[in-house]
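Peer 1:
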Amino acid sequence: MTGEETDTATSVDVAADAMDGLSVHACERCPRLVESRSQIVNGTGPADADLLFLGEAPGANEDEQGEPFVGRSGSILDDALRDAGLARADVRITNCVRCRPPENRDPTTEELANCRGYLERELDLVDPELVVTLGKVPSEHLLDRSVAVTKEAGDVVDVRLGERSYRAVVSVHPAATLYDGSQRQTFFETIARAADTAGVGDGDGGQANLGDF
Ligand code: SF4
């Protein structure tokens with residue numbers, strides 16, 4: 004078998020062999036990330052969550068704590084969830100790649116492909132009503148096309164992955180709200196819309212707190 008054929012073997016079936024339920028406990032497919040990580044950061048939240056949030060990759064806080072979306076971005080996500088009548092414990096949160104890239108660089112195309120089978124396996128098992136892609140890299144990875152995140156934020160789209168199809172909502176990354184105040188309302192409204200679309204949360208679209216912006 005050639006190296007090329009080995010790469011294309013990344014699939015839900017291959018991932019199933021390497022996963023314990025929804026978690027990966029030993030994987031060395033990405034040599035640079037094996038060097039830079041201190042642990043593999045698996046998804047958190049209910050295994051049957053209706054809402055699944057997809058980020059890019061663990062950062063320093065996530066790598067240290069072993070949980071996706073902690074630190075400032077996680078705190079903003081928690082605020083938006085609360086505004087929509089949800090708690091972190093109600094939703095599934097995972098990343099496109101499970102190991103921290105060095106100096107927080109974007110994951111490479113090869114690293115995204117290496118980890119793809121684990122993501123597809125997690126989506127297959129959780130079977131969420133809706134996937135929310137947090138930022139450009141996860142949006143383009145899931146939708147398999149160029150995405151103008153700010154322009155498309157809040158749009159509900161259908162995504163086909165192999166034999167499965169999912170509904171997804173594109174969102175700006177929570178960290179974007181730190182650098183551009185106008186993104187905060189976009190982010191909160193997107194999360195509220197996602198909760199409504201998935202049939203979870205308080206169903207008021209987050210309107211009660213929009214005056215806080
Ligand atoms: S990012 Fe994914 S594929 Fe790469 S080493 Fe980590 S768990 Fe394995």
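Here our numbering is used: the first residue of the sequence shown is 4, the next is one more, and so on.
No residue lacks a Cβ here, since even glycine has one placed at the ideal position from N, Cα and C.
Note that the structure is a prediction, hence the values are computed from the model and not measured.
Using the rule of at least 16 other Cβ atoms within 10 Å of the residue's Cβ for burial, across every protein chain shown, is residue 181 buried or exposed?
Peer 2: Reading the sequence shown from its first residue, position 178 is the one you call residue 181. Residue 181 comes out exposed.
Peer 1: Smallest Cα separation from residue 155: which of 138, 144 and 166?
Peer 2: Locating residue 155 in the sequence shown gives position 152, counting from the first residue. Of the candidates 138, 144 and 166, the one whose C-alpha sits nearest the C-alpha of residue 155 is 138.
Peer 1: So which residues touch the region around the ligand SF4, with touch meaning a C-beta under 7 Å from any heavy atom?
Peer 2: 27, 30, 31, 32, 33, 36, 37, 40, 43, 100, 101, 102, 114, 117, 118 and 121
Peer 1: Would you call the CB atoms of residue 158 and residue 172 closer than 9 Å?
Peer 2: Taking the first residue of the sequence shown as position 1, residue 158 is located at position 155. Taking the first residue of the sequence shown as position 1, residue 172 is located at position 169. Yes.
Peer 1: Can you tell me which of the three DSSP states residue 58 falls into?
Peer 2: On the sequence shown, residue 58 is found 55 positions in, with the first residue counted as 1. Looking at residue 58 - three-state DSSP - the assignment turns out to be strand.
Peer 1: From residue 151 to residue 174, what distance separates their C-alpha atoms?
Peer 2: Counted from its first residue, the sequence shown places residue 151 at position 148. Counted from its first residue, the sequence shown places residue 174 at position 171. Cα to Cα, the separation comes out at about 10 Å.
Peer 1: Note down, one range per segment and in chain order, each alpha helix (DSSP H) of at least 4 residues found wholly within the segment 14–52.
Peer 2: If we require 4 residues or more, the alpha helix (DSSP H) runs fully inside the segment 14–52 come out as 15–21 and 34–39.
Peer 1: Starting from the Cα of residue 25, find the closest Cα among 189, 97 and 142 and give me that residue.
Peer 2: Position 22 of the sequence shown, counting from 1, holds the residue named residue 25. Cα-wise, what sits closest to residue 25 is 97.
Peer 1: If you scan the segment 64–119 from start to end, which runs of the beta strand (DSSP E) of 3 or more residues do you find wholly inside it?
Peer 2: 95–98
Peer 1: According to DSSP, simplified to helix, strand and coil, what is residue 199?
Peer 2: As a first step, residue 199 must be located in the sequence shown, where it is residue number 196. Helix.
Peer 1: How big is the Cα-Cα spacing for residue 10 and residue 206?
Peer 2: For the purposes of this step, residue 10 is taken as the residue at position 7 of the sequence shown. For the purposes of this step, residue 206 is taken as the residue at position 203 of the sequence shown. Low per-residue confidence applies at residue 10: pLDDT is 46, beneath 50, and the placement is therefore not dependable, though the value from the model is reported in the following sentence. Going from the Cα of residue 10 to the Cα of residue 206 covers about 43 Å.
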